[in-house]
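**Q** Residue numbers (the numbering used here), protein chains in the order written: chain A, 1 to 163; chain B, 164 to 791; chain C, 792 to 1385. Sharing a structure with you now.
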Amino acid sequence: MTIKEEAKKEVIAICASHKDEPSPLMVILEEIQKKLGYIPLEVQEVVSKEMGIPVAEIYGVVTFYNFFSLTPKGKYVVGVCLGTACYVKNSQQIIDKFAQSLGIEIGGTTEDGLFTVDAVRCIGACALAPSVSINGRVYAKVTPTEVDKIIADLRKKEETANG
Amino acid sequence: MDKINSVEKLDKVIEDCSAAFSKKIRVGERTKDGKIAILVCGDTTCVANGSVDIQSELEKALKEYHLEDKVTVNHVGCFGLCSQGPFIKIFPDDTIYRTVKVGDVKRIIEEDIIGGKPVEDLLFVDPETGKKIQKQEDVNFYKKQKRIALHGCAVINPDYLEEALGYDGFKALKKVLTTMTPQQVIDEILASGLRGRGGASFPTGRKWQFAANVQSDQKYIVCNGDEGDPGAFMDRSILEGNPFNVIEGMMIGGYAFGASEGYFYVRAEYPVAVRRLKRAAEDLEKLGLLGDNILGTGFSFRVHVREGAGAFVCGEETALLASIEGKRGMPRPRPPFPAIKGLWGKPTCVNNVETLATVPYIIRIGAKEFAKIGTEGSKGTKVFALGGKVNNVGLVEVPMGTTLRTLIYDIGGGIPKGKKFKAIQTGGPSGGCLTEKDIDTPIDYDTLVAKGSMMGSGGAIVMDEDNCMVDVAHFYMDFICDESCGKCTDCRIGTKRLMEMLTKVTKGTATEQTLEDLKELSEIIKNGSLCALGQTAANPILSTMVNFPEEYEAHVKEHKCPAHVCKDLMKYVIDPNKCKKCSMCARNCPASCISGVPGKEPYVIDQSKCVKCGSCMASCRFGAISKE
Amino acid sequence: MEKVNIKIEGRIYSVDKDLTVLEAARRCGYNIPSLCSWNHGKCSLASCRVCLVEIRTARGGKLFASCVYPVADIPAEKGFEVFISSPMATKARKASVELLLSNHSKDCQTCVKNGHCELLHVAQVTGAEANKYEGELTPTTYDDLAPGIVRDTSKCILCGRCIERCKEAQGIGILGFEKRGFQTIVAPVMNKSFAKVPCLQCGQCINVCPTGALSEHREIDKVDAAMKAGKKVIVQTAPAVRAAIAEEFGKKVGEENGTGRMVAALHRLGFYRVFDTNFSADLTIMEEAQELINRITKGGVLPQITSCSPGWINYMEFFYSDLIPNVSTCKSPHEMFGAILKSYYAKKHGLDPKDIYVVSVMPCTAKKYEEARPQNAVDGLRDVDAVITTRELALMIKRAGIMWNSLPEEEFDNDLVGEYTGAGAIFGVTGGVMEAALRTAYHTLNGKEYEAIDFKEVRGLQGVKEAEVDMGAAGKVKVAVTSGMANAKKLLDEIREGKSEYAFIEIMCCPGGCINGGGQPFVKPSLMENEDPDILETYRQKRADVLYTIDERKTIRQSHNNPDIQVLYKDYLGEPCSELSEHLLHTSYVKDRE
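Here you go:
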């Protein structure tokens, strides 16, 4: 996979905009993650060159934090909360059900690139447990039987959007 | 607003803002000019429940009714009782509505705003008397609370500096800058007895004193907002509800020990908090309340906001500093403590959000008054995120020394569905659980530790009889294994081994020796790990083993999970006498392991194929399926 | 140094205030086991938890990693006490080792670090049980694709020494921690092979690795095969090897100049001829000094930079290949030797060059890469066929059952080639090539010897040394000597920016030069009980002294006075930098190597 020249330029621009800050690596990586959706090695190499940080060190940082991803995530990132409040209300069942229905492992992405299922640690919406956050939208008190409907609705939305 | 570059100007602004704001949230009869203020909860939980739509619907409707000049609508921070959100509060009537939906907006406007009568079915109901409750202060949930750290939450619009200034904001900073020496500030905080709210409970004044004693060209104060405990959201709500208060607390700390730069480190999972905090800092800078020579006093202070990136261990202060420095969030040994050698090698104090949010209050009312709140060793209040199997899930701020009974029953409204209380887990993955026998213990830092748990940052998860405590321990261990940074041997490998032993217990393959080994290794990891994450990692195991030995033994000796949670030790069965042969369960079974003949033969689960997902039980309308 | 009183096991000791508890304890006679700590705590993550001690106050005892705990913080006067052998501390150290072992490959018997493993050592002293804990293992990687270094993560304990070493010595940071928690590994980026990243193959990481996770890529099998095939297997040994090889047989560092016994051992191992690479070091000086004179007198690109360190050449090709015009085109000495053996020597003896198999014993792992460079062959024939390190040679000697202490001292073979001078010997230490080249260049330029012989300004182990030397007819020239790429970087950046004032720069990849190469015997204080306590600070100087002593004792100390070299030029090569010399003895470099 090669990243586009444009993306490369964007990365260089991001690096440049933070050059005067003290140790800005985290800020830079966060911005890249948000902008590109992932931080592949190629991008890390660009950052390494721009910032003079060994690429092994950058890779170490990228693989340390959950928020950073080496591969593109699905269009819909299904974040099932596995915080305690949700867990004691059976959120494990919810995430298992999502994974099973989409036919992927937890953390994986569907082949069509539409869905990623991630376990997230507490989105702080404990009153809505078990809660699921999909691209920032929080689904409250999700039951296993609702899972298929949530997926179907999103698929439908995609189909309508595509024609 | 003009730049506030002198004390006099600040006085004037505070005076004006206070007058305007107290007018806005005045309680009493409606006046002739008819000004009405609607507050809508803008906390993440309520937003997730549609409060943003409610707010825009309100604004739209007000226009339709040509009321926009008379009625203001603002979002505010957390009301606390999140399980009943979204909330709307209306002044001057002081009416609070709960579980409001977009569809209720028109009625609220027609019946309440125009009609002057509360919308009955949106009011709280007293669970005992069945009576409707109109005022927030009359709701049981709020009666025993005291909001100090949450000052301004659910009152001010966190995006408006004017409202913060009109609601005590920056009075403490002014007091400090104009009437106190740095040492006096430290002495005041020492005298208040304030201890860190993030988990370690170290006296804040002493921490500041350490940093104050070090000579350095540069010092930093860092606000730890990397609230990682699953099931805890105190810091998020404080930052979302009144970011100005936290910044003010940070500035007071900076003044006290000589830091001119402040860093906020906030979880990336909290975008709203980050946004409001950044905005607050920008607005303060525009007005000159942040920057060089603040109020002409010679005190300079700047604030930076950094986001976390999803690593629980970054709540540990040295890991947090490493993260700000752009490194892997791996803790380093202390000493040297950050107060001596911290961010970029400079003296640094790391204070929790709630701690800093308490500081302005202490300065305003004085250490003496503050110290009257709480217990001997733990002064002031503590915010808890009450969750799990409790009726009122939400954010609670109570004086230290409040009992668990008050917390769970008076405030929390008891356990849902008449189930039996089993335990309350405090301190998250680092803490432990307390049981029925501890229910009347006044909770403070020291009693919790004495009982084998800890305050932690304030997560409080209630468990009932349906929760398996081995499974709970397993859950926390899984979390810790996932979040261990991997640096030190004891935590990296030790927690993995603990996890493997626990898995054996939940699968029924453990022996009594396994339990011995669990205990032994738990102690080893507790003593030998590098940082607090590892040192406390085994707490959930040790605490559940002490409090629920019979559950562990049931798993090991009888190969049974008494709560029917551990999948390998339980099964779903259909009672043929209760089965109505409707086939619903079979149709919902993802493993196609339920067979029967509709209307003729009762359904039976093939245990060898069952994946124990519980879909059948959830779908049965006749209660014919149970776990055993 | 200010002192502080500390109480260890009930006794009060006065120790330097800047020490860690671990260091202080050692001075007081307690050897606390430790693993991740290295270089007197200058590199320590305090992560292995093997050096835990109990520090007690009135409030009770807690465990701390002694390798980083400052004694200044626990003065006895304030009631602090250190316990090394309290039940809590003893149990914790044992458990830490047991946990490490539970995630560690257990093929100790066949491990390349057998005998040098610090983990095995701490397991022994803590009384750890090998199988106390069992469970899943972190997924492992075995990487032997690179010519110099083999990485086996099943033996890695994540101490981080190698990461630090690579950054500190070479300034490039090839290695890093990856992933998190139980999945954490130490690896080149993305867990790639060492062969797929800009690794210099210098092997400094191997030298600090406490276990078998990093080791040299062995070539003993190749040598065995060549012997078996009946080739004329000629061995040559680099100068630095003799300075350290005796350490492998229980000698203290610097105690024995191992030349004589090493040669005797090589004879007994059945090599056809045993030559000294010093001979071709002299040859290199002839070529390199001439090249320098040509550049100075003919207005060539300056400064000229030495080329005999393959780690440096790797670094240059990866990161500074715009400086190729500055780098001497001379092959490194052992490659020159190989080329001469397969041409001049073969011709004189009527041997088929194809039957000659050249083995180089080097202090270096990067030489294994250099050996395979396409440029290091003449007319399709490899200059050198196998490179083994000092450690591998020691292994071969042990394998053959040869008892070092019973060996006589023998001389290198002298058969057309082989004579060497003191100038060649000092190649093995930083500054040596410079000094040797200056002696010869002075002679060429002035027609007489430099009287003082020694150019002492360029000796010593500092990172960058500079000197202004009076070259007589050519006036004064500025030269610089550096080792370790982290040090070299500054000089290279100056050249790049056109600000360099030097005429000649010597660069060695490993800090201190070849005596400290990645193929040299391990210096592990915890495993060397009879060694001086400050050995980590002194071992390089002690090895260097061996070489300087050899130089001083030599009657001929200038390369151009080596009689074999004189004959070689007269009979075969003509003169330095002649067409034939260029063909056989010079090489070329790759721009922007990936």
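Ideal Cβ positions, reconstructed from N, Cα and C, are used throughout, including at glycine.
Which residue wins for smallest C-alpha separation from Ala914/C, given the options Thr1156/C, Thr881/C and Arg956/C?
**A** Thr881/C
**Q** Confirm, please, whether the CB-CB distance from Thr566/B to Pro605/B is below 8 Å.
**A** yes
**Q** Identify the contact partners of Leu678/B in chain C, using a Cβ-Cβ distance below 8 Å as the criterion.
**A** In chain order: nothing, as chain C lies at least about 15 Å away.
**Q** Check the Cβ of Ala837/C against every Cβ in chain B and list those closer than 8 Å, keeping chain order.
**A** Arg495, Pro496, Cys651 and Leu693
**Q** For His1377/C, which residues does DSSP report across the bridge?
**A** In the DSSP output, where bridge partners are listed per residue, His1377/C has Cys1121/C.
**Q** I think Glu390/B touches Ser620/B, with their Cβ atoms under 8 Å apart; what is that distance to the nearest whole Å?
**A** 6 Å
**Q** What's the call for Tyr65/A, buried or exposed, on a 16-neighbour Cβ count within 10 Å?
**A** Per the 10 Å Cβ criterion, buried.
**Q** Just checking, does the region 1042-1050 of chain C make contact with the region 1337-1347 of chain C on the three C-beta pairs under 8 Å criterion?
**A** yes
**Q** Please confirm whether Ala1080/C and Ala1232/C have their CB atoms less than 8 Å apart.
**A** yes
**Q** Pairs of beta-carbons, one from the region 1094-1111 of chain C and one from the region 975-992 of chain C, closer than 8 Å: are there three or more?
**A** The region 1094-1111 of chain C, when compared against the region 975-992 of chain C, does touch it at the 8 Å Cβ threshold.
**Q** Just the C-alpha distance for Glu1248/C and Ala1227/C, rounded to the nearest angstrom, thanks.
**A** 13 Å
**Q** Within the 8 Å Cβ cut-off, does Gly1308/C reach chain A?
**A** For Gly1308/C, no CB of chain A lies under 8 Å from its own CB, so it is not counted at the interface with that chain.
**Q** Can you say whether Leu681/B is buried or exposed, counting buried as having 16 or more other CB atoms within 10 angstroms of its CB?
**A** With 16 or more other Cβ atoms within 10 Å, it is buried.
**Q** I'd like to know if Thr71/A contacts chain C, where contact means its C-beta is closer than 8 Å to some C-beta of that chain.
**A** no
**Q** Alpha carbons only, please: which of Leu665/B, Phe638/B, Gly329/B and Asn514/B is nearest the one belonging to Ala182/B?
**A** Gly329/B
**Q** Please confirm whether Val941/C and Ser896/C have their CB atoms less than 8 Å apart.
**A** no
**Q** Give the range of the beta strand (DSSP E) segment to which Met1299/C is assigned.
**A** Phe1295 to Met1299
**Q** Could you tell me the distance, in whole angstroms, from the CA atom of Cys748/B to the CA atom of Ala781/B?
**A** 8 Å
**Q** Can we say the region 175-194 of chain B touches the region 312-330 of chain B, given the rule of at least three CB pairs closer than 8 Å?
**A** yes
**Q** Name, going along the chain, the residues of the region 963-997 of chain C whose beta-carbon falls closer than 7 Å to a beta-carbon of chain A.
**A** Ile963, Gly964, Ile965, Leu966, Gly967, Phe968, Glu969, Lys970, Arg971, Pro979, Val980 and Met981
**Q** Taking 8 Å as the CB-CB cut-off, is Gly165/A touching chain C?
**A** Missing from the structure shown is residue 165/A; chain A here goes from 1 to 163 and no further.
**Q** Nearest-angstrom Cα distance between Asp1362/C and Ile1147/C?
**A** 21 Å
**Q** Counting only C-beta atoms, is Phe64/A closer than 8 Å to chain C at any point?
**A** yes
**Q** Please list the partners that Arg111/B has in chain A, where partner means a Cβ-to-Cβ separation under 7 Å.
**A** Outside the shown range of chain B, which is 164 to 791, sits residue 111/B, and nothing can be said about it.
**Q** Just checking my contact of Phe427/B with Cys386/B at CB under 8 Å: how many whole Å lie between their CB atoms?
**A** Between Cys386/B and Phe427/B the Cβ distance is about 5 Å, and since that is below 8 Å, they are a contact.
**Q** Please decide whether Ala56/A counts as near chain C, where near means a Cβ-Cβ distance under 8 Å.
**A** yes
**Q** Does DSSP classify Asp607/B as helix, strand or coil?
**A** Under the three-state reduction of DSSP output, Asp607/B falls in the coil class, being neither helix nor strand.
**Q** The beta strand (DSSP E) that contains Met1153/C, what's its start and end?
**A** Ile1147 to Met1153
**Q** Is Tyr1363/C close to chain B, meaning its C-beta is less than 8 Å from at least one C-beta of that chain?
**A** no
**Q** Where Leu25/A and Arg1384/C are concerned, what is the direct C-alpha to C-alpha distance, given to the nearest angstrom?
**A** 27 Å
**Q** Could you name the residues of the region 14-44 of chain A whose beta carbon sits closer than 9 Å to any beta carbon of chain C, in the order they occur along the chain?
**A** Leu41 and Gln44
**Q** Could you name each continuous beta strand (DSSP E) segment of 3 residues or more that falls completely within the region 1159-1230 of chain C, going from the start of the chain to the end?
**A** Counting only runs of 3+ residues, the beta strand (DSSP E) found wholly inside the region 1159-1230 of chain C occupies 1177-1180, in chain order.
**Q** Spatial neighbours of Gly417/B within its chain, please: C-beta separation below 7 Å, excluding the five flanking residues on both sides.
**A** Ile384, Ser423, Gly425 and Phe464
**Q** By DSSP, does His912/C sit in helix, in strand, or in coil?
**A** helix
**Q** Three-state secondary structure (DSSP) at Tyr1063/C?
**A** coil
**Q** Return the bridge partner residues of Ser805/C from the DSSP annotation.
**A** Asn796/C
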